[in-house]
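Written out below as structure tokens is the structure these notes cover.
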Amino acid sequence: RQGAASGGLRIAFDQNFEAALCEADRAQPTPPRLKWAFAELFDAGFAHAFDISLMSGERVGGGYGVAVGRVFVIEALHFHDASARGAGLAALAHALEGRGFQWIDAKRLTPELAADGFDGASRLDYLGRLKRALAVEQVGAWCAPQLAEAA
79 RQGAASGGLR
89 IAFDQNFEAA
99 LCEADRAQPT
109 PPRLKWAFAE
119 LFDAGFAHAF
129 DISLMSGERV
139 GGGYGVAVGR
149 VFVIEALHFH
159 DASARGAGLA
169 ALAHALEGRG
179 FQWIDAKRLT
189 PELAADGFDG
199 ASRLDYLGRL
209 KRALAVEQVG
219 AWCAPQLAEA
229 A
């Protein structure tokens, strides 16, 4: 799927989930049982990998997460530099919005994610947003060449 915005980045979904697990593991080790669980979620259509690359094909980052309803929860994220992270997260947001997702969540709010537009929420607000977003389930592989140019 091609996006309308252009900015020199592309995002591809579910091209190589195992490679996404391994690359994220280099940045922050993940216990083997948890990697196995994410692989099972991928096979069931809930976990998804994303690769961010320049238009030339050079990979600049990516990660993986779990889709629940209309929420995508980033489990692991890796980028080669801060500018690639910001543009890559914008590409991810643009592509997910096109798929009907309402928001992107992350396991923890880091200063880097805050700088890229993520914000915290009270528990009550979070649970309310989550309840609304879970009203629609989206399960299945995100393949076929689902590439989107990023903002």
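Residue numbers (my numbering): 79 to 229. Beta carbons: idealized from backbone N, C-alpha and C, even for Gly. Model, not experiment: these values are computed from the prediction.
Between residue i and residue j, which are expected to be in contact by the criterion C-beta below 8 Å, what is the C-beta distance as a whole number of angstroms?
i	j	result
I152	G143	4 Å
L132	G86	6 Å
A102	F124	Actually they do not touch by this definition, with Cβ atoms about 17 Å apart.
Among residues of its own chain, excluding the 5 on either side of residue i, which ones have a beta-carbon nearer than 7 Å to its beta-carbon?
i	result
V214	G147 and R148
E180	The sequence as given places Gln at residue 180; Glu does not occur at that position. Within the same chain, Q180 has close Cβ partners R148, V149 and A211.
P189	none
Determine the direct distance from the alpha carbon of residue j to that of residue i, and round the result to whole angstroms.
i	j	result
R88	R137	9 Å
L170	G135	17 Å
L202	D183	15 Å
L205	E175	20 Å
Which residue comes first and which comes last in the alpha helix (DSSP H) that contains residue i?
i	result
F150	Taken as a continuous stretch (DSSP letters only), F150 belongs to no alpha helix (DSSP H), being part of the beta strand (DSSP E) at V149 to F157.
Excluding five sequence neighbours on each side, which residues of the same chain lie with their C-beta closer than 8 Å to the C-beta of residue i?
i	result
A199	R207
Do residue i and residue j have their CB atoms nearer than 7 Å?
i	j	result
A98	A127	yes
G166	A154	no
A232	H156	Absent from the model: residue 232. The displayed extent of the chain is 79 to 229, so no value can be given.
A38	D129	Residue 38 lies beyond the range of the chain shown here (79 to 229); nothing can be said about it.
From which residue to which residue does the beta strand (DSSP E) around residue i run?
i	result
L187	Looking at the DSSP string, L187 is not in any beta strand (DSSP E), and its letter there is neither H nor E.
R177	It is not in any beta strand (DSSP E) - R177 carries neither H nor E in the DSSP assignment.
Excluding the 5 residues flanking residue i on each side, which residues of the same chain have their C-beta closer than 6 Å to its C-beta?
i	result
F26	There is simply no residue 26 to check, as the chain begins at 79 and stops at 229 in what is shown.
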